[in-house]
């Protein structure tokens, strides 16, 4: 989770640096501002996606720790080492199966 948060912070910092370092020329001031603004929006969306994925991952780990079922230790290891892939597998194989039944 720390690496995803760190990645989001680095991307946000790069967006701020790009926005601050752009010096518009007299001929293309509008297009430079548009491109810089678009870059900041894209980086913000990436940051939101990364944070959402991390929240989902933590939610699945907490659910796995609280739930009583066979192979709990295996699922915790899978969740920790495979991040979103493990969280997605856990959601569809364990959590969703128990909601349906």
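Residue numbers (our numbering): 70 to 170. The beta-carbon is built from N, C-alpha and C at its ideal position, and this holds for glycine as well.
{"Query": "Mind the definition here: the stretch 150 to 170 touches the stretch 118 to 130 only if three or more C-beta pairs lie below 8 angstroms; say whether that holds.", "Result": "yes"}
{"Query": "Three-state secondary structure (DSSP) at residue 165?", "Result": "helix"}
{"Query": "If you drop the 5 nearest sequence neighbours on each side, which residues of the same chain put their C-beta closer than 6 angstroms to that of residue 122?", "Result": "153"}
{"Query": "Residue 150 to residue 144, Cα distance in whole Å?", "Result": "10 angstroms"}
{"Query": "Assuming residue 111 and residue 138 make a contact with CB atoms under 8 angstroms, what is their CB distance in whole Å?", "Result": "So it is not a contact: roughly 40 angstroms between Cβ atoms."}
{"Query": "Give the secondary structure of residue 137 by DSSP, where H, G and I count as helix, E and B as strand, and everything else as coil.", "Result": "coil"}
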